[in-house]
Amino acid sequence: MQYIKNNKKFIITYSIISLLGIIAIIFTFNNHSLYKETIAKIISTEEEYVSTDTITYGYHEDIYKQKITAKILNGEDKGKEVTITNEYHKGEAYDQKYKKGDEIFVSINKRDNDIKNTHIEGYKRDKYIIILIVVFSLTIILVGHLKGFFSIISVILNIFLFNIIVMLNGKGLSLPILSFIGSIIFSIICLTLVSGLNKKTLSAIISSIIGVSVTMLITIIVIHFSEFSGVRFEQMELLTRPYDGIFISELILGGLGAIMDISISMSSSLNELIEKDEKITFKSLTKSGFAIGKDIMSTMINVLFFTYICSVIPNLTIYFRNGVEISTLIDQYISLEMTRALVGAIGITLTIPIAIYTTLFIYKRRNKE
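Position 182 of the sequence shown, counted from 1, bears residue number 759 in this note's numbering, the numbering being contiguous throughout.
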């Protein structure tokens, strides 16, 4: 009876959230009047081939020109039709092709209140972002129920905290220190909201903090002893801040999710074993903990590896198409991502015994109590 009652309550709550999501989507499809920028909807397009551009290493790319007719959706010129010329390369690396139905931001040049020419500034993407947010939220709540809702809250709070870190760094505070402090707060917020206030959460938080600290220490040691030899920072050449501080911060925040995941997985698993059998020995718990850790270690390392490597895929594609050799790419561009992945993997691996012994320590104290 209680299950049916709870299920009905969830269905009602989920229906209300779904309705709010649908309202939000409809709103973003009709919010043109809220923008100061001029928005236009493409009614039709005509396209013609212009020429073929020869790029380095003999690579050729076709260039096309579009004649776009669009209707203005907001502002004093609302309802007027404008003609826009858009030129783009087939690869669309630095420009792009537009199609009928696209909503775009445009800049308008006038003379004597007449529109003389119009230039495209970019896509209006807010409706697609809102759709993704609504689908993301509904999926998490459907699967996780209340914990799914708290997961969304934790993400929102962590985004807010991340913005504070960036703002404080802009005022001159050390980015690595801010990132380390932020990672501690991130862990506390996320794990507490999802798992509640209990010994399991406490164990996961402590394990996460120690794991992040170890990762940070390893990063500093790598930077100190290598003196940046073999770690190339060409990808950061446009930055006006020290590369090493940003590199350390990337590793701290980049590996935090995986470290928290392992910490809570190990803590939850061991606590479940303890709850099932309070007479279980420390030796058995340790053995079970390492068995569980081995199963999740490989997948988490691969997640971290692909997360870092995938960030350079766009650049690698361009370099490969332009004949740059793989040895050059590894030396100048992939080495930085590989270093991040390897240091992060070490941090993940060490978090497993850290989480095991932290949980057992708390369990031991509970037994004494």
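Ideal Cβ positions, reconstructed from N, Cα and C, are used throughout, including at glycine.
First and last residue of the alpha helix (DSSP H) that includes S760? Within the sequence shown, residue 760 is the residue found at index 183, counting from 1. Where S760 is concerned, the enclosing alpha helix (DSSP H) stretches over L752 to S772.
Kindly indicate the opening and closing residues of the alpha helix (DSSP H) around G725. In the sequence shown, residue 725 corresponds to position 148, counting from 1. Per DSSP, G725 belongs to the alpha helix (DSSP H) from D703 to G747.
Start and end residues, beta strand (DSSP E) containing K644: The count along the sequence shown starts at 1 and reaches residue 644 at position 67. Residues H637 to I649.
Which residues in the same chain as K677 place their Cβ atom closer than 8 Å to its Cβ, once the five residues preceding and following it in sequence are excluded? Here residue 677 corresponds to residue number 100 of the sequence shown, with the count starting at 1. Excluding residues within five positions, the ones whose Cβ falls inside 8 Å are I619, I620, S621 and T622.
Taking all protein chains shown into account, decide if F763 is buried (16 or more other Cβ within 10 angstroms of its Cβ) or exposed. What you label residue 763 is simply residue 186 of the sequence shown in a count that begins at 1. Counting Cβ neighbours within 10 Å, F763 comes out buried, since at least 16 surround it.
Is it true that the CB of I588 sits closer than 7 Å to the CB of A617? Taking the first residue of the sequence shown as position 1, residue 617 is located at position 40. Taking the first residue of the sequence shown as position 1, residue 588 is located at position 11. Taking 7 Å as the Cβ cut-off, A617 and I588 do not qualify as a contacting pair.
When the distance is taken between beta carbons, is I697 closer than 7 Å to V683? Counting from one through the sequence shown, the residue named residue 683 turns up at place 106. Counting from one through the sequence shown, the residue named residue 697 turns up at place 120. Cβ atoms of V683 and I697: closer than 7 Å.
Could you check the C-alpha separation between S595 and L715 for me, to the nearest Å? Translated into the one-based positions of the sequence shown, residue 595 becomes position 18. Translated into the one-based positions of the sequence shown, residue 715 becomes position 138. Going from the Cα of S595 to the Cα of L715 covers about 7 Å.
Report the rounded CA-to-CA distance for S826 versus I800, giving the unit in angstroms. Counting from one through the sequence shown, the residue named residue 826 turns up at place 249. Counting from one through the sequence shown, the residue named residue 800 turns up at place 223. Their backbone Cα atoms lie some 13 Å apart in a straight line.
Buried or exposed (CB count within 10 angstroms, at least 16 for buried), P753: In the sequence shown, residue 753 corresponds to position 176, counting from 1. Buried: at least 16 other Cβ atoms inside 10 Å.
Contacting residues, own chain, Cβ-Cβ under 8 Å from A769 (five flanking each side not counted): Here residue 769 refers to the residue found at position 192 of the sequence shown. The sequence given here places Thr at residue 769; Ala does not occur at that position. Taken in chain order, the residues that qualify are T778 and I782.
Is the CB-CB distance between T796 and G832 below 7 Å? Position 219 of the sequence shown, counted from the start, is the residue given in the question as residue 796. Position 255 of the sequence shown, counted from the start, is the residue given in the question as residue 832. Against a cut-off of 7 Å, the Cβ pair of G832 and T796 comes out as no contact.
Does the segment 873–881 come within contact of the segment 917–927, defined as at least 3 CB pairs closer than 8 Å? yes
So what does DSSP say about T622, is it helix, strand or coil? One-based indexing of the sequence shown puts residue 622 at position 45. Three-state result, T622: strand.
With H, G and I counted as helix, E and B as strand and the rest as coil, what does DSSP make of D854? Mapped onto the sequence shown, residue 854 falls at position 277. It is coil, neither helix nor strand.
Skipping 5 residues on each side, what residues in its chain have a beta carbon closer than 8 Å to that of Q579? Position 2 of the sequence shown holds residue 579. Only weak support exists for where Q579 lies, its pLDDT of 47 falling under 50; the coordinates are left without a value.
Candidates C887, N848, F882 and D630: closest to A932 by CA position: Stepping through the sequence shown from its first residue, residue 932 is reached at position 355. Measuring from the Cα of A932, the nearest candidate turns out to be N848.
Report all residues from its chain with a CB closer than 6 Å to the CB of D639; omit the five preceding and five following residues, and keep chain order. Reading the sequence shown from its first residue, position 62 is the one you call residue 639. Cβ neighbours of D639 beyond the five flanking positions: T629 and K667.
Looking only at its chain, what residues have a beta carbon closer than 7 Å to the beta carbon of L927, apart from the 5 residues adjacent to it on each side? For this step, residue 927 is matched to residue 350 along the sequence shown. Result list for L927: G788 and V791, in chain order.
Does the separation of the CB atoms of S785 and S840 fall below 7 Å? As a position in the sequence shown, residue 785 is number 208, starting the count at 1. As a position in the sequence shown, residue 840 is number 263, starting the count at 1. Yes; because the gap between Cβ atoms is below 7 Å, this pair is in contact.
For N607, does the count of other Cβ atoms within 10 angstroms reach 16, so buried, or fall short, so exposed? Looking up residue 607 in the sequence shown gives position 30. That one is exposed.
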